[in-house]
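Numbering (the working numbering), first residue to last: 91 to 738.
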Amino acid sequence: MSLLEKMPKIVEQGRKAAEQILEGLEGRNKVTLQTRELVFPAKDKNIKDIFDTLKNTSISKRPNRLIYGDNLLAMAALLAGDEFGGSLRGKADLIYIDPPFDSKADYRTKITLSDGDIEQKPTVIEQYAYGDTWKDGTASYLEMIVPRLILMRELLSETGSIYVHLDWHVCHYVKIVMDQIFGKENFRNEVIWHYRRWTAGSSKYQNMHDSIFFYTKGNSYTFNPVSIEPTASQRAVIDKGYNVNVVNGPNGTKIKQLLVYNRPVVDGLIAKGKLDVGRYGRVVYIDATETIAPDVWTDIQFVHSQAKERTDYATQKPEALLERIIEVSSPEGGLVLDFFGGSGTTASVAEKLGRQWITTDLGKPACMVMRKRLIDIDATPFLYQAIGDYQVEAVRSTLGKRFGMGELARIVVELYGALPLPPDNNPNKDRGYIGKTLVICDAPNKITGLPTLKKAAALRDQLMGGWDKVIVLGWNFATDIGQAIQQLGDSRLEVLVIPPDLMDRLRKKGSFEKLRDSIRFSSLQYLTVKQPKVSNKGVIEIQLENYVLLSPEAINLDEPNRLKLQKIMNKDPLSLIEYWAVDPNYDGEVFRSVWQDYRGNTDKDRDALHVVRKAVVQSEPVKGKRRICVRAVDVFGFESEAEFEVQL
Numbered sequence: 091m092s093l094l095e096k097m098p099k100i101v102e103q104g105r106k107a108a109e110q111i112l113e114g115l116e117g118r119n120k121v122t123l124q125t126r127e128l129v130f131p132a133k134d135k136n137i138k139d140i141f142d143t144l145k146n147t148s149i150s151k152r153p154n155r156l157i158y159g160d161n162l163l164a165m166a167a168l169l170a171g172d173e174f175g176g177s178l179r180g181k182a183d184l185i186y187i188d189p190p191f192d193s194k195a196d197y198r199t200k201i202t203l204s205d206g207d208i209e210q211k212p213t214v215i216e217q218y219a220y221g222d223t224w225k226d227g228t229a230s231y232l233e234m235i236v237p238r239l240i241l242m243r244e245l246l247s248e249t250g251s252i253y254v255h256l257d258w259h260v261c262h263y264v265k266i267v268m269d270q271i272f273g274k275e276n277f278r279n280e281v282i283w284h285y286r287r288w289t290a291g292s293s294k295y296q297n298m299h300d301s302i303f304f305y306t307k308g309n310s311y312t313f314n315p316v317s318i319e320p321t322a323s324q325r326a327v328i329d330k331g332y333n334v335n336v337v338n339g340p341n342g343t344k345i346k347q348l349l350v351y352n353r354p355v356v357d358g359l360i361a362k363g364k365l366d367v368g369r370y371g372r373v374v375y376i377d378a379t380e381t382i383a384p385d386v387w388t389d390i391q392f393v394h395s396q397a398k399e400r401t402d403y404a405t406q407k408p409e410a411l412l413e414r415i416i417e418v419s420s421p422e423g424g425l426v427l428d429f430f431g432g433s434g435t436t437a438s439v440a441e442k443l444g445r446q447w448i449t450t451d452l453g454k455p456a457c458m459v460m461r462k463r464l465i466d467i468d469a470t471p472f473l474y475q476a477i478g479d480y481q482v483e484a485v486r487s488t489l490g491k492r493f494g495m496g497e498l499a500r501i502v503v504e505l506y507g508a509l510p511l512p513p514d515n516n517p518n519k520d521r522g523y524i525g526k527t528l529v530i531c532d533a534p535n536k537i538t539g540l541p542t543l544k545k546a547a548a549l550r551d552q553l554m555g556g557w558d559k560v561i562v563l564g565w566n567f568a569t570d571i572g573q574a575i576q577q578l579g580d581s582r583l584e585v586l587v588i589p590p591d592l593m594d595r596l597r598k599k600g601s602f603e604k605l606r607d608s609i610r611f612s613s614l615q616y617l618t619v620k621q622p623k624v625s626n627k628g629v630i631e632i633q634l635e636n637y638v639l640l641s642p643e644a645i646n647l648d649e650p651n652r653l654k655l656q657k658i659m660n661k662d663p664l665s666l667i668e669y670w671a672v673d674p675n676y677d678g679e680v681f682r683s684v685w686q687d688y689r690g691n692t693d694k695d696r697d698a699l700h701v702v703r704k705a706v707v708q709s710e711p712v713k714g715k716r717r718i719c720v721r722a723v724d725v726f727g728f729e730s731e732a733e734f735e736v737q738l
């Protein structure tokens with residue numbers, strides 16, 4: 091069957107998938123967002139009177155958001171709404187997306203460390219997402235994009251616009267799909283972004299343009315015309331003062347018309363007898379001070395290697411491109427969304443232009459680049475969020491909503507190689523054993539933390555007469571899990587991570603039996619920090635001590651890169667920290683980072699390959715107990731946390 095024959099079914103299935111999501115918005119199982127961090131950009135300064143700043147900064151209206159995770163789930167969560175402004179259905183003024191459109195793209199991330207570069211392949215979740223996108227070529231791509239475009243239309247306001255940025259690989263097929271979803275009558279332009287770049291010889295014409303499809307929700311939409319600099323040929327005509335062309339007149343006659351671009355120049359020519367206006371059937375006066383942008387953009391260049399805005403993100407788009415789109419198609423203070431955030435150009439430009447923004451990406455490297463870029467421009471406070479209960483959503487989408495979590499736990503225990511305990515001692519099917527070792531699987535909708543570990547240790551000592559050791563298998567972990575393990579200091583307790591791509595692999599393989607020999611349960615990473623020093627004047631000194639990446643096997647590296655990583659881990663472990671932040675008054679719920687540093691920030695020192703190891707935060711004095719939280723993200727996107735109570 092040809093792709094054109096498949097397309098009606100692809101659109102129909104996409105609509106059904108989107109309808110299921112829309113129907114579930116009000117249910118108790120609706121997708122939620124988990125706030126990981128409220129970022130107060132402060133990369134190059136110490137915040138004074140930070141608590142007053144927090145009190146005077148409201149995030150209850152509609153905060154800017156950077157969301158990590160599958161954009162389909164992110165859209166579902168935004169449509170469902172939360173405590174930050176409710177549902178965004180019909181609220182977006184502009185959506186711009188730049189989805190991946192090259193099936194041969196290499197999504198490896200090059201990480202530059204003190205002892206050389208490491209190339210990381212896509213994370214397991216990214217791999218399966220990209221693999222699903224292209225498993226059957228363009229048909230798979232359309233299956234991915236259709237339900238997302240339908241949900242984007244739901245998010246658009248009645249005066250909203252959407253721009254979809256593509257190239258020759260899929261743009262023609264997506265145009266047909268968008269005509270179906272947004273209505274052919276709402277297609278406004280195919281913008282051609284033409285750029286020049288160095289290319290070698292070729293047996294065909296060089297590919298030097300992208301297509302950007304511009305659609306609106308309806309007939310009434312925001313459009314602020316933008317003027318551009320005249321080209322050299324246009325400037326020559328303006329300097330000359332006039333031009334002549336021929337147009338069709340009544341009854342098929344031809345009319346020669348005079349186009350006047352510079353009236354003073356033309357008046358001077360007439361006065362000198364050098365121009366006879368009477369020779370022309372029509373005179374048209376044109377305001378040459380503004381040249382409205384055409385649908386072919388040749389005045390915006392690629393992000394070159396030395397550009398100040400360059401982030402070294404492979405698919406980065408220039409700020410000038412987004413400036414034009416955002417200024418033309420959104421009002422001041424309007425809401426701009428981008429569901430393939432990439433390097434963060436949309437969010438960065440929206441911030442600079444005074445728009446509200448929400449951006450998402452499935453890749454942790456992309457989210458790290460975006461967070462640093464926004465801090466770099468001293469953005470207004472924004473939320474960093476993740477999909478709540480991602481694994482639960484993955485289970486539901488793979489096994490169905492009625493599939494029992496106990497049955498899933500049983501399968502995970504067996505995949506680890508354990509035999510199930512007898513039913514009387516295994517009511518939730520989440521316990522097994524290997525020899526004298528007890529194995530316990532936590533649920534995908536639970537956060538594995540200190541209480542879980544204490545309970546596991548108690549079961550090890552009491553259940554069925556006791557065991558030599560207990561292993562806890564977890565999906566989601568408290569960010570201070572490393573600290574909890576250290577606090578317990580129990581050599582007979584081990585914590586392992588269930589592969590985050592387990593459900594994606596199941597979707598690919600079709601059965602758990604096929605996964606038995608390929609599943610790897612990995613250890614956790616953790617951060618150690620020296621006990622903070624707090625003065626009675628509110629000065630807090632915090633120093634990083636060590637970072638332990640316990641299981642490099644969990645990272646998608648080939649053998650040469652794995653050996654490089656092992657060497658760096660032994661020699662300079664703190665060089666693996668990409669970003670760290672401090673909340674000097676942690677409430678145990680929302681981490682408010684009021685001090686940040688990251689690799690590449692040379693405002694605090696001149697070392698672009700290391701974070702600074704010491705933070706000095708000036709805050710208001712607090713008598714009694716103060717709770718301080720330190721959070722770090724390594725170069726692979728793993729998060730760790732250390733928490734302290736300080737008494738004054």
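We put the beta carbon where it would ideally sit given N, CA and C, even for glycine.
Check: Is DSSP giving E399 helix, strand or coil here?; Outcome: coil
Check: How would you write the range of the alpha helix (DSSP H) that Y231 sits in, first residue to last?; Outcome: 228-245
Check: Contact check, G331 vs V356 under 8 angstroms by CB: the rounded distance?; Outcome: 5 angstroms
Check: Would you mind giving the Cβ-Cβ distance between V129 and S683, rounded to the nearest angstrom? I have them listed as a contact below 8 angstroms.; Outcome: 5 angstroms
Check: Starting from K462 and walking both ways along the alpha helix (DSSP H), at which residues does that stretch end?; Outcome: 454-466
Check: Tell me the rounded alpha-carbon separation between E649 and W557.; Outcome: 37 angstroms
Check: For the beta strand (DSSP E) that V701 lies in, which residues bound it at each end?; Outcome: No beta strand (DSSP E) contains V701, which DSSP labels as neither H nor E.
Check: Tell me the DSSP secondary structure of Q391 in three-state form.; Outcome: coil
Check: Name, in chain order, the residues that DSSP records as bridge partners for W258.; Outcome: Partner(s): none; W258 has no beta bridge.
Check: Start and end of the beta strand (DSSP E) containing R717?; Outcome: 715-724
Check: What would DSSP say about R372, mapped onto helix, strand or coil?; Outcome: strand
Check: Using a Cβ-Cβ cutoff of less than 8 angstroms, which residues in the same chain neighbour A166 once the five nearest sequence positions on both sides are dropped?; Outcome: I111, G114, L115, K120, V121, L241
Check: According to DSSP, which residues form a beta bridge with F734?; Outcome: I718
Check: Three or more beta-carbon pairs under 8 angstroms between the stretch 674-692 and the stretch 707-723, yes or no?; Outcome: yes
Check: Can you list, in chain order, the residues of its chain with a C-beta nearer than 7 angstroms to that of G308? Leave out the 5 residues immediately preceding and following it.; Outcome: E248, N276
Check: From R521 to T527, what distance separates their C-alpha atoms?; Outcome: 11 angstroms
Check: Relative to the alpha-carbon of R689, which residue among V707, Q708, V723 has its alpha-carbon at the smallest distance?; Outcome: V723
Check: Since D673 is in the alpha helix (DSSP H), which residue starts that stretch and which ends it?; Outcome: Here D673 belongs to no alpha helix (DSSP H); instead the beta strand (DSSP E) covers 667-673.
Check: Mapping the DSSP letters down to three states, classify V101 as helix, strand or coil.; Outcome: helix
Check: What is the rounded straight-line gap between the Cα of G572 and the Cα of P421?; Outcome: 46 angstroms
Check: What's the gap between the Cα of V702 and the Cα of D695?; Outcome: 7 angstroms
Check: How many angstroms separate the CA atom of A108 from the CA atom of A164?; Outcome: 13 angstroms
Check: Does the beta-carbon distance from V706 to V629 come in below 8 angstroms?; Outcome: yes
Check: Let me know if K454 comes out buried or exposed under the rule of 16 or more other beta-carbons within 10 Å of its beta-carbon.; Outcome: buried
Check: Using the Cβ count rule (16 or more neighbours within 10 Å means buried), how would you classify A469?; Outcome: buried
Check: Using three-state DSSP, classify S419 as helix, strand or coil.; Outcome: helix
Check: Assign V725 to buried or exposed, taking buried as 16 or more other Cβ atoms, counted over all protein chains shown, within 10 Å of its Cβ.; Outcome: buried
Check: Measure the Cβ-Cβ separation of I448 and L123 and say whether it is below 8 angstroms.; Outcome: no
Check: Just verifying my parser: in three-state terms, what is the DSSP assignment at Y311?; Outcome: coil
Check: On the criterion of 16 or more Cβ atoms from any shown chain inside 10 Å, does W258 qualify as buried, or is it exposed?; Outcome: exposed
Check: Near T388, what residues of its chain come up, given a Cβ to Cβ distance below 7 angstroms and the 5 sequence neighbours on each side ignored?; Outcome: H284
Check: I want to know whether the stretch 542-550 touches the stretch 558-565 - three or more CB-CB distances under 8 angstroms.; Outcome: yes
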